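Chemist:
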Amino acid sequence: MLKIYLKMKNNFYIFILILNLSLLGCENNHKREIPELIEREVQENKIIPTKVPIDIEVPIKKYNFIFTNLENQTQTIKVVNNYYTFPKIKQSIVLINFLATWCPPCIGQIPHLNNLQKKYKNNLYILGTLIYDDGIKDKDVDKFIASQKINFFMSKDINNSIKFGNFIVPKLQLKPNFSLPLMIVFLNGKYYTHYEGSIPEEMIESDIKQALDKIR
Numbered sequence: 329m330l331k332i333y334l335k336m337k338n339n340f341y342i343f344i345l346i347l348n349l350s351l352l353g354c355e356n357n358h359k360r361e362i363p364e365l366i367e368r369e370v371q372e373n374k375i376i377p378t379k380v381p382i383d384i385e386v387p388i389k390k391y392n393f394i395f396t397n398l399e400n401q402t403q404t405i406k407v408v409n410n411y412y413t414f415p416k417i418k419q420s421i422v423l424i425n426f427l428a429t430w431c432p433p434c435i436g437q438i439p440h441l442n443n444l445q446k447k448y449k450n451n452l453y454i455l456g457t458l459i460y461d462d463g464i465k466d467k468d469v470d471k472f473i474a475s476q477k478i479n480f481f482m483s484k485d486i487n488n489s490i491k492f493g494n495f496i497v498p499k500l501q502l503k504p505n506f507s508l509p510l511m512i513v514f515l516n517g518k519y520y521t522h523y524e525g526s527i528p529e530e531m532i533e534s535d536i537k538q539a540l541d542k543i544r
């Protein structure tokens, strides 16, 4: 009797085990069928998966630099994410000239800049600004401009000149004690080239011509 009971008990466990395995197999088969159904639906209906674009906000950096001459006329340089705009300037080429009244190379460069401003007045705007001339008075600036017969915009605003210098010099990878004159050329709001120290007029003119060729 005991043998019959043990045999029935073993048969019961075997039955339970087979039942679980069959259910597990169904479950696994069902799981395998789901991706196959999705794939079939994509193929039959030509469903094209789309990627959702992710908007990444880029921080906007804005800077304003205002330059004032002896007649209290102003020129503004606006910088937005390394793009430069000159609201009052219509010419496509802008040359910023950092100089000082006590700097012989700066003084020697002025006649050549006068020539270029006169020759390319429709395409070139030169903005001169004093730097390292702390404590200079307006009357001294006036005398300097008159004695050098400067025919381009000449700013007397040393504070803004220093601010712009501190902003632009690191971008040019120059040392803080950079050489004068320092001339920076912009073409249609973008940096084009720069010159540190005195430079031949012919070289500047060559770069002006090449810049004009790019926009014609």
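Residues in the sequence shown are numbered from 329 upward in steps of one, following the numbering used here.
We treat Cβ as the ideally placed atom computed from N, Cα and C, and that holds for glycine.
Here the structure is a predicted model, which means the values were calculated and not measured.
1) Can you tell me the Cβ-Cβ gap for L515 and F426, rounded? I've got them flagged as a contact below 8 Å.
2) Does Q437 pass the burial test, meaning 16 or more other C-beta atoms within 10 Å, or should it be called exposed?
3) Under 7 Å, do P415 and T402 count as touching if we go by C-beta distance?
4) According to the Cβ coordinates, are M482 and G463 closer than 7 Å?
5) Enumerate in chain order the residues of its own chain whose CB-to-CB distance from R470 is below 7 Å, with the five nearest sequence positions on each side excluded.
6) Exposed or buried, what is S475 when buried is set at 16 or more other beta-carbons lying within 10 Å of its beta-carbon?
7) How many Å lie between G493 and R544 at the Cα?
8) Can you name the residues that DSSP bridges to N530?
9) Our contact map puts V407 next to K390 with C-beta atoms below 8 Å; I'd like the distance itself, whole angstroms only.
10) Determine the contact status of H522 and I512, defining contact as a CB-CB distance below 7 Å.
11) According to the neighbour-count rule (16 or more other Cβ atoms, all chains shown, within 10 Å of its Cβ), is L508 buried or exposed?
Modeler: Straight from the coordinates:
1) Here the question's residue 515 lines up with position 187 in the sequence shown. Here the question's residue 426 lines up with position 98 in the sequence shown. Going by Cβ atoms, the distance from L515 to F426 rounds to 19 Å, so no, they are not a contact pair.
2) Residue mapping note: residue 437 aligns to position 109 of the sequence shown, counting from 1. Q437 comes out buried.
3) Here residue 415 is taken as the residue at index 87 of the sequence shown, counted from 1. Here residue 402 is taken as the residue at index 74 of the sequence shown, counted from 1. The answer is no: Cβ separation not under 7 Å.
4) To locate residue 482, count along the sequence shown from 1; it is residue 154. To locate residue 463, count along the sequence shown from 1; it is residue 135. No, they are not a contact pair.
5) In the sequence shown, residue 470 corresponds to position 142, counting from 1. Residue identity differs from the one stated: residue 470 is Asp in this sequence, not Arg. Closer than 7 Å at the Cβ level, and outside the excluded window around D470, lie L398.
6) For the purposes of this step, residue 475 is taken as the residue at position 147 of the sequence shown. S475 should be labelled exposed.
7) Numbered from 1 along the sequence shown, position 165 holds the residue referred to as residue 493. Numbered from 1 along the sequence shown, position 216 holds the residue referred to as residue 544. Approximately 31 Å, taken between the alpha carbons.
8) Counted from its first residue, the sequence shown places residue 530 at position 202. The sequence given here places Glu at residue 530; Asn does not occur at that position. Paired residue(s): none; E530 is not in a bridge.
9) In the sequence shown, the residue the question calls residue 407 occupies position 79. In the sequence shown, the residue the question calls residue 390 occupies position 62. Confirmed, Cβ separation roughly 7 Å.
10) For this step, residue 522 is matched to residue 194 along the sequence shown. For this step, residue 512 is matched to residue 184 along the sequence shown. In this structure, I512 lies closer than 7 Å to H522 by Cβ.
11) Translated into positions along the sequence shown, residue 508 becomes position 180. With 16 or more other Cβ atoms within 10 Å, it is buried.
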